[in-house]
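For reference, the structure discussed in these notes is given below.
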Amino acid sequence: MKVIDLTSEALATPGLGGGLRDVLRSRYLLKLLVSKELKVRYRGSVLGLLWSYVKPGVQFFVFWFALGIFLGLNKNTENYPIYLFSGIVLVNFFTEALSNASRSIVINGGLIKKIYLPRELFPVASVWVSAVHFFPQLVVLVAACLFTGWRPGIPELIAAVVAFSIVAMLAIGLGLFFGSVNVYFRDSENFVDMLLMIATWASPVLYPWTLVRDGLRDAFGASAGQVLLTIYQFNPLTIAVELFHYAFWAPTTSSATDPASVVPPDLIFVWTPIALVTAILVIVAGQFTFRRLEGRFAQEL
Amino acid sequence: MATAIEVRGISKQFVLRHTRSIKEAFVWVMKGRKGDLSKKFHALHDVSLEIEQGETVALLGLNGSGKSTLLKHISGVMLPDTGTVRTRGRVAGLIEVGAGFHPDLSGRDNVYLNGAILGMSEAQISERFDDILEFSEIGDFIDTEVKFYSSGMYLRLAFSVAVHTNPEVFLVDEILAVGDEPFQRKCIAKIKDLADAGKTLVVVSHDLDLVSTICKRGVLLEHGRIILDAPVHEAVRRLRGED
């Protein structure tokens with residue numbers, strides 16, 4: 001029998017992957033994992049994929065009633081439903097992506113224990129699946145915006161893409177971090193749930209950013225308030241949400257809304273680069289932690 | 001002939017963690033770290049092993065002797081605490097067949113998913129799909145969700161995918177007993193074909209008669225150490241305490 005000679009090929013250490021680069025190399029497997037997740041998620045439910053519309057729809061109406069009508073934000077904010085929904089879809093994407101990514105390693109433990117494959121695939125696949133669920137919500141948002149007279153320019157469209165990228169990178173980075181820590185301490189996923197609850201309120205999703213500025217100034221004085229506002233804006237999620245407002249909500253407002261207060265000053269040229277850099281740092285830190293911890297996944301799961 | 005697998009002085013300690021939460025760890029620290037939070041045991045102790053390309057090696061030993069752990073180090077699922085493992089060419093495990101199967105997907109989807117998990121490309125799977133299907137004898141059930149399969153069908157399909165991945169090094173862990181007797185014979189014949197085709201095989205099995213017919217070399221492990229590396233018949237005799 002013929003034996004294929006492999007002397008030319010070098011001896012390699014198994015189990016040492018190239019991190020996120022390996023995910024790019026196994027794109028086909030990533031695609032299959034994503035389509036598996038999408039097929040399985042709503043299996044056996046009558047509404048199926050419609051749940052991706054129903055859940056954010058109901059959530060939207062709850063917030064719109066409570067905040068828009070009861071708390072009067074409808075009156076003070078022009079096109080408040082658009083304002084609210086454009087923020088909600090982005091934060092929902094982040095919430096779902098991070099929450100699933102944090103659990104992905106433990107959930108796929110059976111596989112990780114038996115077969116070597118780039119484990120980064122699982123958090124990345126979770127984020128991808130959330131992006132697929134995010135898409136129909138985006139379609140609804142765009143339809144509503146067009147109905148309210150939304151005519152976006154190139155800057156608005158770029159802002160939307162950048163905002164989405166910031167959130168996706170954040171979710172992957174934090175997902176790698178909490179997903180790997182979760183193998184050792186299952187508290188990690190509960191911590192993430194708490195973090196996500198804070199995330200919804202710590203970004204200007206439900207309220208306009210001007211309320212944050214004025215509220216902080218009134219409560220802590222002008223200078224301390226300014227410092228706190230700056231800290232608030234260091235949250236990349238805040239910037240991503242504001243970019244979505246800039247892209248979808250701002251073009252629908254009329255002269256009744258003060259153009260200077262539509263989005264925070266310096267959003268595009270100062271805060272967006274800062275948010276992008278932060279997101280990249282989060283990915284690097286997430287990848288670093290993941291690689292430090294993944295060597296012992298198989299025995300800890 | 002080139003070395004296919006080179007294991008140099010690897011040791012592996014397992015931490016048997018008693019606690020799973022920050023709370024318990026915190027209480028332990030507060031109590032002045034009394035007692036051991038975790039117990040350790042050596043699964044592998046300074047194991048060295050060199051396997052040439054085309055060799056057929058049986059890892060033998062009683063339960064808990066470290067055979068499967070060694071296999072997991074070769075496949076890269078586990079990393080050693082000390083020492084190095086190096087392999088040449090693509091390594092694939094017939095380790096616990098069906099680990100990558102999802103019950104809610106059809107047989108066809110699972111073939112693609114599992115094939116990709118085992119490192120095949122889309123083109124390779126499509127090319128071998130008919131062979132995989134034919135070997136598994138699943139027939140028309142291929143488009144049924146695998147949760148409706150009998151356990152025999154499930155294992156047959158999983159084995160069929162794994163055996164068609166065509167790597168240079170095959171790691172086989174306790175899966176030779178798949179399905180009914182005719183299918184078992186077919187699996188064993190297939191594995192022997194692979195050995196004849198010059199594939200490197202590393203087999204873990206408690207079926208000593210069977211491994212003696214497949215493998216030429218036997219490596220006997222005891223408490224995480226290699227105690228004998230000899231022709232398979234000798235190793236089997238030693239394990240059975242016949243000499």
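Residue numbers (full-length UniProt numbering), protein chains in the order written: chain L, 1 to 301; chain S, 1 to 243. Just so it is clear, CB atoms sit at the ideal spot from N, CA and C, and this is done for glycine as well.
From the DSSP output, which residues share a beta bridge with residue i?
| i | result |
| --- | --- |
| Leu44/S | Lys12/S |
| Ala58/S | Val203/S and Gly218/S |
| Thr84/S | Arg8/S |
| Lys31/S | Per DSSP, none; premise fails for Lys31/S. |
| Phe170/S | Ala92/S and Leu201/S |
| residue 264/S | Because chain S in this structure spans residues 1 to 243, residue 264/S falls outside the shown range and cannot be described. |
| Ala12/L | Thr87/S |
| Leu49/S | Val7/S |
| Glu145/S | Ser106/S |
| Lys39/S | Leu16/S |
Only counting the same chain, and skipping five residues up and downstream in sequence, which positions put a Cβ closer than 6 Å to that of residue i?
| i | result |
| --- | --- |
| Arg225/S | His45 |
| Phe290/L | Leu176 and Ser180 |
| Ala279/L | Ile166, Met169, Leu170 and Pro236 |
| Tyr83/L | Thr77 and Trp249 |
| Gly93/S | Ser75 and Leu171 |
| Arg8/S | Ser48, Gly83 and Thr84 |
| Gln233/L | Trp271 |
| Met1/L | The pLDDT assigned to Met1/L is 38, lower than 50, so where the model puts this residue is not dependable, and the model offers no usable value. |
Can you find the residues in the same chain that come closer than 7 Å, C-beta to C-beta, to residue i, ignoring five residues on each side of it along the sequence?
| i | result |
| --- | --- |
| Ala171/L | Phe94, Ala97, Leu98, Ala101 and Val127 |
| Tyr207/L | Leu73 |
| Met153/S | Ile138 and Phe141 |
| Gly100/S | Leu113, Asn114 and Ile117 |
| Arg86/S | Glu6 |
| Arg238/S | Leu220 and Leu228 |
| Val212/L | Pro204, Leu229 and Tyr232 |
| Ser188/L | Ser102, Phe178, Val181 and Asn182 |
| Val91/S | Ile74, Ser75, Pro167, Val169 and Leu171 |
| Asp22/L | Pro118 and Glu120 |
Taking buried to mean at least 16 other C-beta atoms within 10 Å of its own C-beta, is residue i buried or exposed?
| i | result |
| --- | --- |
| Phe164/L | buried |
| Thr13/L | exposed |
| Phe297/L | buried |
| Phe26/S | exposed |
| Thr230/L | exposed |
| Leu16/S | exposed |
| Val29/S | exposed |
| Gly32/S | exposed |
| Lys40/S | exposed |
| Lys23/S | exposed |
| Trp201/L | exposed |
Can you tell me the Cα-Cα spacing of residue i and residue j, whole angstroms?
| i | j | result |
| --- | --- | --- |
| Gly89/S | Thr238/L | 48 Å |
| Val40/L | Cys145/L | 32 Å |
| Glu234/S | Ile115/L | 31 Å |
| Val77/S | Asp143/S | 31 Å |
| Gly48/L | Lys55/L | 12 Å |
| Phe178/L | Glu120/L | 12 Å |
| Ser212/S | Val219/S | 12 Å |
| His102/S | Val146/S | 7 Å |
| Leu228/S | Leu221/S | 7 Å |
| Gln287/L | Val183/L | 15 Å |
| Glu242/S | Glu55/S | 25 Å |
| Ser35/L | Gly18/L | 24 Å |
| Met120/S | Val227/L | 54 Å |
| His223/S | Gln299/L | 18 Å |
| Val282/L | Gly173/L | 5 Å |
| Val163/S | Ile88/L | 48 Å |
| Thr252/L | Ser261/L | 14 Å |
| Phe185/L | Pro167/S | 36 Å |
| Leu201/S | Ser151/S | 26 Å |
| Leu38/L | Ala131/L | 11 Å |
| Gly221/L | Ser203/L | 21 Å |
| Asn190/L | Val58/L | 24 Å |
| Val192/L | Glu242/L | 23 Å |
| Val57/S | Ala160/L | 58 Å |
| Pro81/L | Phe61/L | 9 Å |
| Ala224/L | Gly295/L | 45 Å |
| Lys75/L | Leu117/L | 54 Å |
| Phe269/L | Glu50/S | 59 Å |
| Leu79/S | Arg292/L | 12 Å |
| Ser255/L | Pro264/L | 17 Å |
Check whether the segment 193-208 of chain S and the segment 58-76 of chain S touch, using three or more Cβ-Cβ pairs below 8 Å as the test.
Output reads yes: the segment 58-76 of chain S touches the segment 193-208 of chain S.
How about the segment 155-164 of chain L and the segment 241-253 of chain L: do they share at least three Cβ pairs that are nearer than 8 Å?
Yes, the segment 155-164 of chain L touches the segment 241-253 of chain L.
Mind the definition here: the segment 78-94 of chain L touches the segment 130-143 of chain L only if three or more C-beta pairs lie below 8 Å; say whether that holds.
Short answer: they touch.
Could you tell me whether the segment 130-146 of chain S touches the segment 67-79 of chain L, using the rule of 3 or more Cβ pairs below 8 Å?
Touching, no, given that fewer than three Cβ pairs across the two stretches are closer than 8 Å.
When you compare the segment 6-18 of chain S with the segment 72-85 of chain S, are there three or more beta-carbon pairs, one atom per stretch, that lie closer than 8 Å?
The segment 6-18 of chain S is in contact with the segment 72-85 of chain S.
Taking contact to mean at least 3 C-beta pairs separated by less than 8 Å, is the segment 107-127 of chain S in contact with the segment 152-162 of chain S?
Yes: at least three Cβ pairs fall under 8 Å.
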